[in-house]
Amino acid sequence: MAAFPLTSRAPGEVIFHRGVVPVTVARFLAEVAALAARLPGEGPVLNFCADRYLALVGFAAALSRGQTTLLSADRSPQRLADIARGHGARYALSDTGAALPVPVLSPEAAPGDAAPNPMVPAAMVAAIGFTSGSTGEPRPHAKPWGALVAGARGAAERFGVTAGMSILGTVPAQHMYGFETTVMMPLHGGGAGHAGVVFYPSDIAEALAGLPAPRLLVTTPLQMRALLGSEVALPPLAGVISATAPLGEEMAAEAEAAWGAPVREIYGATEAGSIASRRTLDGEAWEPYPGMRFEIDAEGASVSVPGLPAPVPLSDRLEWVGEGRFRLEGRLADMVKLAGKRASLAGLTRILTGIEGVEDGVFVAPDDLDVNPRARLAAAVVAPGMSAAAVVAALRAKVEPAFLPRPVVMLPALPRDAVGKVSRGAIVALAWKR
1 MAAFPLTSRA
11 PGEVIFHRGV
21 VPVTVARFLA
31 EVAALAARLP
41 GEGPVLNFCA
51 DRYLALVGFA
61 AALSRGQTTL
71 LSADRSPQRL
81 ADIARGHGAR
91 YALSDTGAAL
101 PVPVLSPEAA
111 PGDAAPNPMV
121 PAAMVAAIGF
131 TSGSTGEPRP
141 HAKPWGALVA
151 GARGAAERFG
161 VTAGMSILGT
171 VPAQHMYGFE
181 TTVMMPLHGG
191 GAGHAGVVFY
201 PSDIAEALAG
211 LPAPRLLVTT
221 PLQMRALLGS
231 EVALPPLAGV
241 ISATAPLGEE
251 MAAEAEAAWG
261 APVREIYGAT
271 EAGSIASRRT
281 LDGEAWEPYP
291 GMRFEIDAEG
301 ASVSVPGLPA
311 PVPLSDRLEW
321 VGEGRFRLEG
331 RLADMVKLAG
341 KRASLAGLTR
351 ILTGIEGVED
361 GVFVAPDDLD
371 VNPRARLAAA
381 VVAPGMSAAA
391 VVAALRAKVE
401 PAFLPRPVVM
411 LPALPRDAVG
421 KVSRGAIVAL
431 AWKR
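Per UniProt numbering, residue 1 is the first one in the sequence shown, and the count goes up by one each step.
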């Protein structure tokens with residue numbers, strides 16, 4: 001049976017930065033063994049540690065015991081309780097505590113003597129990740145250990161992550177994007193993660209300054225916008241990785257000019273993981289990760305991921321552009337038809353957020369758009385100083401009349417989760433159920 005070690009890093013390499021003393025692989029393995037020795041005998045385990053290093057130690061300890069980890073970026077007590085009940089969690093690991101229907105244990109463990117680097121079967125379901133639920137109920141997706149290892153190695157190769165690079169993530173470790181880049185990549189790719197929780201621009205700048213160069217920033221378009229708007233100076237960066245939402249060329253250009261580093265996007269899904277990337281300013285073509293095999297035709301697209309048992313259908317419409325690269329044509333569920341014309345909600349949103357004075361916004365379609373001839377799109381907009389009429393007037397010159405939003409809901413901020421995804425249900429409630 002195929003198997004991979006818990007980590008492919010050498011014992012003396014630094015795998016994480018936590019406090020003033022770097023954590024070596026040898027120390028990490030000792031802490032994993034110490035925690036594993038006091039874990040309950042059966043899983044699965046719900047891991048919602050905020051400290052990224054403790055999240056890693058908890059995941060690794062459970063994995064070494066043959067237990068699956070449940071990962072949810074939504075740390076609300078109700079959501080965590082629902083996952084614990086619905087997926088049979090036997091216990092939880094947390095550094096903050098929460099009232100849950102299972103015992104909650106602290107992952108802190110004093111390291112003992114030198115510990116082995118355990119082998120883990122490639123087919124073992126190491127983790128179950130959940131979709132964000134921004135467009136409906138969050139759905140679980142099993143992640144075999146072999147697929148996670150292949151993804152980490154592919155990402156490290158693509159982004160040039162080697163030993164000695166520092167990785168700062170602004171995305172929770174329990175989100176699959178954050179998990180792959182800031183937990184799995186230090187295990188099987190390279191670099192050393194940063195343990196602390198950062199959110200505000202000043203937090204990010206201070207944390208980066210405390211890490212040795214070269215530095216890689218793993219973030220989202222929403223957090224990039226906040227960083228650039230704050231004008232907080234960042235120390236030199238080797239690169240920036242963005243995901244969870246489309247990144248506009250204008251923002252990418254502003255970021256590269258401000259930080260002097262290439263900005264690259266990841267394309268992926270919770271079901272498949274990270275599967276392709278591009279440098280935003282190089283154009284719209286995406287390059288698959290090593291080992292990914294795409295099937296693209298008029299009916300849709302799927303991808304075969306090393307370590308996954310079957311091809312994964314993709315929710316986006318793709319088109320080959322040559323040299324093994326593809327272009328995104330829009331989400332299959334994102335295309336809308338009105339008055340005999342078609343448009344993409346994501347494309348309309350990009351037009352909306354490109355209007356001067358608009359800080360944030362999103363287009364949404366009603367549930368009855370396909371059956372109600374009187375149904376119209378709506379837009380939620382953050383634009384201090386502008387009226388809804390002014391937003392519509394600006395859109396009138398850029399989009400077909402059928403796609404002008406009715407209503408336009410003006411908000412102080414959009415209802416976004418920890419990684420910037422907008423809750424469609426919340427927007428629908430504001431637009432049509434008030």
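C-beta atoms are modelled at their ideal positions from N, C-alpha and C, and glycine is treated no differently.
Residues bridged to residue i (per DSSP)
{"i": "F4", "result": "V120"}
{"i": "T69", "result": "V45 and A127"}
{"i": "D360", "result": "V382"}
{"i": "S344", "result": "M335"}
{"i": "H17", "result": "P22 and H194"}
{"i": "R327", "result": "E319"}
{"i": "L93", "result": "N47 and L105"}
Simplified DSSP assignment, three categories, for residue i
{"i": "P144", "result": "strand"}
{"i": "L168", "result": "strand"}
{"i": "F294", "result": "strand"}
{"i": "R434", "result": "Model confidence at R434 stands at a pLDDT of 49, short of 50, so the residue's coordinates are unreliable; what they give is reported in the following sentence. The answer is coil: DSSP assigns R434 none of H, G, I, E or B."}
{"i": "H188", "result": "helix"}
{"i": "R424", "result": "helix"}
{"i": "S230", "result": "helix"}
{"i": "R9", "result": "coil"}
{"i": "I241", "result": "strand"}
{"i": "V408", "result": "strand"}
{"i": "P22", "result": "strand"}
{"i": "residue 455", "result": "Only positions 1 to 434 of the chain appear in the structure, and residue 455 is not among them; the question remains open."}
{"i": "R416", "result": "strand"}
{"i": "T162", "result": "coil"}
{"i": "V399", "result": "coil"}
{"i": "P77", "result": "helix"}
{"i": "D367", "result": "coil"}
{"i": "R85", "result": "helix"}
{"i": "G58", "result": "helix"}
{"i": "S64", "result": "helix"}
{"i": "I355", "result": "coil"}
{"i": "R52", "result": "helix"}
{"i": "L35", "result": "helix"}
{"i": "R376", "result": "coil"}
{"i": "R139", "result": "coil"}
{"i": "G151", "result": "helix"}
{"i": "A388", "result": "helix"}
{"i": "L100", "result": "coil"}
{"i": "A156", "result": "helix"}
{"i": "A173", "result": "coil"}
{"i": "A110", "result": "coil"}
{"i": "A115", "result": "coil"}
Candidates the options: closest to residue i by CA position
{"i": "R342", "options": "T353, D360 and D370", "result": "D370"}
{"i": "A73", "options": "A418, W432, L430 and T219", "result": "A418"}
{"i": "A257", "options": "R278, T270, E231 and A243", "result": "E231"}
{"i": "R331", "options": "A431, A245 and P212", "result": "A245"}
{"i": "P186", "options": "P172, S166 and F199", "result": "S166"}
{"i": "G210", "options": "M224, M176, T181 and L168", "result": "L168"}
{"i": "P44", "options": "A142, L281 and R376", "result": "A142"}
{"i": "V362", "options": "S423, P384, P373 and A310", "result": "S423"}
{"i": "L100", "options": "W259, S76, M119 and P22", "result": "S76"}
{"i": "R9", "options": "A192, A390, M124 and G19", "result": "A192"}
{"i": "A115", "options": "P366, S242 and T24", "result": "T24"}
{"i": "Q174", "options": "L54, G66 and G357", "result": "L54"}
{"i": "G260", "options": "L247, M184, R215 and T270", "result": "R215"}
{"i": "F403", "options": "D360, M386, A255 and G340", "result": "G340"}
{"i": "G322", "options": "I351, E284, E299 and V303", "result": "E284"}
{"i": "A109", "options": "V120, N117 and D95", "result": "D95"}
{"i": "V198", "options": "H188, E254, R52 and I128", "result": "R52"}
{"i": "residue 453", "options": "Y267, V358 and P412", "result": "In the structure as shown, the chain begins at 1 and stops at 434. Residue 453 is therefore absent and cannot be evaluated."}
{"i": "A226", "options": "P235, A205 and G300", "result": "A205"}
{"i": "E265", "options": "S242, H194 and A272", "result": "S242"}
{"i": "A365", "options": "V171, G190, A61 and A380", "result": "A380"}
Min CB distance residue i to chain C below 8 Å
{"i": "T219", "result": "Absent here is chain C; the protein component of the structure consists of one chain."}
**Item:** Those runs of the beta strand (DSSP E) which lie wholly inside the segment 248-322 and span at least 3 residues
**Value:** The qualifying runs are 263-269, 273-279, 293-297, 300-304 and 316-322.
**Asked** Is it a yes or a no for the segment 275-295 touching the segment 321-330, going by three-plus beta-carbon pairs under 8 Å?
**Response** Yes: the two stretches touch, three or more of their Cβ pairs being nearer than 8 Å.
**Prompt:** Which runs of the alpha helix (DSSP H), 4 residues or longer, sit entirely within the segment 175-223?
**Reply:** Restricted to the segment 175-223, the alpha helix (DSSP H) segments that are unbroken, complete and at least 4 residues in length are 176-179, 185-188 and 201-209, listed in chain order.
**Asked** If we count Cβ pairs, one from each stretch, closer than 8 Å, do we get three or more for the segment 102-117 versus the segment 147-164?
**Response** Flag = no, the segment 102-117 and the segment 147-164 do not touch.
**Prompt:** Is the segment 392-410 touching the segment 364-381 in the sense that three or more CB pairs, one from each, lie closer than 8 Å?
**Reply:** The count of Cβ pairs closer than 8 Å, one atom from the segment 364-381 and one from the segment 392-410, reaches three, so the stretches are in contact.
**Message:** Check whether the segment 211-221 and the segment 30-47 are in contact - that is, three or more C-beta pairs closer than 8 Å.
**Reply:** Short answer: they don't touch.
**Message:** Would the segment 143-154 count as touching the segment 306-319 if we require 3 or more Cβ pairs under 8 Å?
**Reply:** Between the segment 143-154 and the segment 306-319, the count of C-beta pairs closer than 8 Å reaches three or more; the two stretches touch.
**Prompt:** Do three or more CB pairs link the segment 117-128 to the segment 233-252 at distances below 8 Å?
**Reply:** Not touching, per the Cβ criterion.
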